[in-house]
Amino acid sequence: MRAITLPFSDEVIRSLKVGDPVGLTGVMITGRDTAHKWMIDTFVKKSRPAQGDDAAAYAAIQPLLAGGAIYHCGPVVAGLDTHDYRFVAAGPTTSIREEPYQGDVMRHFHLQAVIGKGGMGPKTLAACGEVPGVYLHAIGGAATLIAQTVTRVLGVYKLEFGVPEAMWVIEVKDFPAVVTMDAHGGSLHAQVEIESKAALERLLSV
Amino acid sequence: MQDLTEQFVELIRRTSTDLPPDVEAALQRAQQTEAQGSAARGSFDTILQNVHMAREKSAPICQDTGTPIFYVRHPQGRSTRQLREQIRAAVVESTRRSYLRPNAVDSVTDQNSGNNLGDSAFPTVHFEEVEGDELVVDLLLKGGGCENVGAQYSLPNSSLGAGRDLEGVRRVVLDAVHRAQGQGCAPGVLGVAVGGDRGSSYYASKEVLFRKIGEASPDPKLAALETRLTEEANQLGIGPMGFGGKTTVLGVHLTGMHRLPACFFVTMSYMCWAHRRRRMTVRGEQVEIA
Numbered sequence: 758m759r760a761i762t763l764p765f766s767d768e769v770i771r772s773l774k775v776g777d778p779v780g781l782t783g784v785m786i787t788g789r790d791t792a793h794k795w796m797i798d799t800f801v802k803k804s805r806p807a808q809g810d811d812a813a814a815y816a817a818i819q820p821l822l823a824g825g826a827i828y829h830c831g832p833v834v835a836g837l838d839t840h841d842y843r844f845v846a847a848g849p850t851t852s853i854r855e856e857p858y859q860g861d862v863m864r865h866f867h868l869q870a871v872i873g874k875g876g877m878g879p880k881t882l883a884a885c886g887e888v889p890g891v892y893l894h895a896i897g898g899a900a901t902l903i904a905q906t907v908t909r910v911l912g913v914y915k916l917e918f919g920v921p922e923a924m925w926v927i928e929v930k931d932f933p934a935v936v937t938m939d940a941h942g943g944s945l946h947a948q949v950e951i952e953s954k955a956a957l958e959r960l961l962s963v
Numbered sequence: 436m437q438d439l440t441e442q443f444v445e446l447i448r449r450t451s452t453d454l455p456p457d458v459e460a461a462l463q464r465a466q467q468t469e470a471q472g473s474a475a476r477g478s479f480d481t482i483l484q485n486v487h488m489a490r491e492k493s494a495p496i497c498q499d500t501g502t503p504i505f506y507v508r509h510p511q512g513r514s515t516r517q518l519r520e521q522i523r524a525a526v527v528e529s530t531r532r533s534y535l536r537p538n539a540v541d542s543v544t545d546q547n548s549g550n551n552l553g554d555s556a557f558p559t560v561h562f563e564e565v566e567g568d569e570l571v572v573d574l575l576l577k578g579g580g581c582e583n584v585g586a587q588y589s590l591p592n593s594s595l596g597a598g599r600d601l602e603g604v605r606r607v608v609l610d611a612v613h614r615a616q617g618q619g620c621a622p623g624v625l626g627v628a629v630g631g632d633r634g635s636s637y638y639a640s641k642e643v644l645f646r647k648i649g650e651a652s653p654d655p656k657l658a659a660l661e662t663r664l665t666e667e668a669n670q671l672g673i674g675p676m677g678f679g680g681k682t683t684v685l686g687v688h689l690t691g692m693h694r695l696p697a698c699f700f701v702t703m704s705y706m707c708w709a710h711r712r713r714r715m716t717v718r719g720e721q722v723e724i725a
């Protein structure tokens, strides 16, 4: 496993290839369906006027996303009543739902790593080539194990989206993932899709 | 009337944090089939390590604790209204204790209720009156990732060459597994209802997931198709997490239903590897969770 400290450099990102196991250490931020739609509508397309604490939240997340990682995760969080937050279970959620948004979010924020599960499609892969960036696959369902790598919860933005959809700022140590989409056009997901399609056609030809 | 709220909390805790032995054994068998050093092998290593850790720490195996789906078989005279109230109270308490993530989102206002209570279908509670004195409560925690890759086909389906027979069923199930890739947290367990209407078949496709892995359908034709589909789905090579590998499904469970002459539905519910199901049996004051 290759140990990598956040934030990234272009050099580190370009050195990563499909299949490389990595352990991440540093600060990252969670964001999933509602957060991606909010970022795109409010700050990228600007089809929705910023309101409430939107501008303040943007100012806070922008430096974390620049050269950083977003984690597709809706955690189980303890300490909600005392605000002494602790991640109890924090595996990845399915990333493909963010495919309409992810590439534009990467370009807008200079976001260099997307962490989730199940992989993403051609729009995100194109952004990985441009920014440059990578897609890091965490093991779906490994929620207790991954929560152990979250050493501290540093804060939370947009908690009104609900606990799973809020943007949690976390400090991680040796967060485990595998590169499955790289900055050179490589995608394990595209490869497995093609190979399994050929296998399906063989099975249906009888 | 007996108050079972605390026992329901324990049922939820066990289901969320302690994977059933048959599922864990199937994952261990799958781990051994993958080559050392492969991404697939690494996935199984992590999955099994997480299963141990969740049990030890009494923490959720997966953060998506899903829709709690209860199947309650109760003796005559038991108040289902009171049982529902106790189940709902237990869901709130389990959320407070972090055994469940607050998962109930109002689709119109987008508000998360914060305590896992939504409309009458959230949590889902099915009641059935049965003979005898026992109260049996089955619980399935089914997350959203795998729920999203469930599928329903109306036969015939010409693009898949699927007619209205078991060969047609075979074809559409393999197509559904291919479409799911790793998105539903492969290797999954498939619950498939053959027949029924659009609603009843989805219900049945989830209920059949309570069979243990390897427990065959009582119908020999369906049992043979279960074996064949398990082997063929694994030949797709999708593997754990969609990384490529020898195990794409841990098992396939089929159930046959009556249908209308005009309809032939095949309905698949995909359950992720974190197949969280437990059963609570109440005999008088004695409560057992298995």
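Protein sequence lines correspond, in order, to chains X and S.
In terms of the working numbering, the first sequence is numbered consecutively and its last residue is 963.
In terms of the working numbering, the second sequence is numbered consecutively and its last residue is 725.
The beta carbon of each residue, even a glycine, is placed where N, CA and C say it ideally should be.
For this session: Report yes or no: is there a C-beta of chain X within less than 8 Å of the C-beta of Met-703(S)?
Result: no
Problem set entry | Backbone CA spacing between Glu-723(S) and Asp-438(S) [nearest angstrom] | 15 Å
Problem set entry | Extent of the continuous beta strand (DSSP E) run through Phe-844(X) | 843 to 846
Problem set entry | Inter-residue Cα distance where the pair is Pro-806(X) and Thr-544(S) | 19 Å
Exercise. How big is the Cα-Cα spacing for Arg-464(S) and Gly-825(X)?
Worked result: 38 Å
For this session: Please work out which residues of its chain come closer than 7 Å, Cβ to Cβ, to Tyr-815(X), disregarding the five sequence neighbours upstream and downstream, and give them in chain order.
Result: Phe-800
Exercise. Just checking my contact of Leu-601(S) with Leu-660(S) at CB under 8 Å: how many whole Å lie between their CB atoms?
Worked result: 6 Å
For this session: Please decide whether Ala-847(X) counts as near chain S, where near means a Cβ-Cβ distance under 8 Å.
Result: yes
Exercise. Per DSSP, what kind of secondary structure is Tyr-815(X) in: helix, strand or coil?
Worked result: helix
For this session: Give the residues of chain S in contact with Pro-778(X), contact being defined as C-beta atoms less than 9 Å apart.
Result: Ala-474 and Gly-477
Exercise. In this structure, what does DSSP give as the bridge partners for Trp-925(X)?
Worked result: Val-913(X)
Exercise. Does the beta-carbon distance from Ala-900(X) to Cys-497(S) come in below 8 Å?
Worked result: yes
Exercise. Mind listing which residues of the stretch 518 to 543 of chain S have their C-beta closer than 8 Å to chain X's C-betas, in chain order?
Worked result: Ser-533, Leu-535, Arg-536, Pro-537, Asn-538 and Val-540
For this session: Compare the C-beta of Gly-831(X) with all C-beta atoms of chain S and state if any pair is closer than 8 Å.
Result: yes
Exercise. What do you get for Met-436(S), buried or exposed, if any count of 16 or more other CB atoms within 10 angstroms of its CB means buried?
Worked result: exposed
Exercise. Using 8 Å as the limit for Cβ to Cβ distance, is Gln-471(S) near chain X?
Worked result: no
Problem set entry | Host alpha helix (DSSP H) of Met-488(S) (start-end) | 474 to 492
Problem set entry | Min CB distance Thr-610(S) to chain X below 8 Å | The displayed chain sequence assigns Asp, not Thr, to residue 610(S). Yes, Asp-610(S) counts as interfacial toward chain X.
Exercise. To which residues of the same chain is Gln-442(S) closer than 6 Å at the C-beta, ignoring the five residues directly before and after it?
Worked result: Val-722
For this session: Mind listing the chain X neighbours of Gly-677(S)? Cutoff is C-beta to C-beta under 7 Å, in chain order.
Result: Gly-875, Gly-876, His-946 and Val-949
Exercise. Are the C-beta of Val-929(X) and some C-beta of chain S separated by less than 8 Å?
Worked result: no
For this session: For Val-920(X), collect the residues of the same chain with a Cβ closer than 6 Å to its Cβ; drop the 5 residues on either side in sequence, then sort them by chain order.
Result: Val-834
Problem set entry | Interface partners of Val-853(X) on chain S, CB under 7 Å | Before going on, a small fix: residue 853(X) reads as Ile here, not Val. The answer, in chain order, is Gln-618.
Exercise. Is Arg-633(S) closer than 8 Å to Gln-587(S) when the C-beta atoms are compared?
Worked result: yes
Exercise. Would you say Thr-839(X) faces chain S, with C-beta separation under 8 Å as the test?
Worked result: no
For this session: Report all residues from its chain with a CB closer than 7 Å to the CB of Ala-524(S); omit the five preceding and five following residues, and keep chain order.
Result: Thr-440
Exercise. Do the stretch 930 to 948 of chain X and the stretch 506 to 524 of chain S make contact, defined as three or more Cβ pairs closer than 8 Å?
Worked result: no
For this session: Please check if any C-beta of chain S sits within less than 8 Å of the C-beta of Thr-881(X).
Result: no
For this session: For Ile-761(X), go through chain S and note every residue whose CB falls closer than 8 Å to its CB, in chain order.
Result: Those within 8 Å of Ile-761(X) in chain S number zero; the least Cβ separation is about 17 Å.
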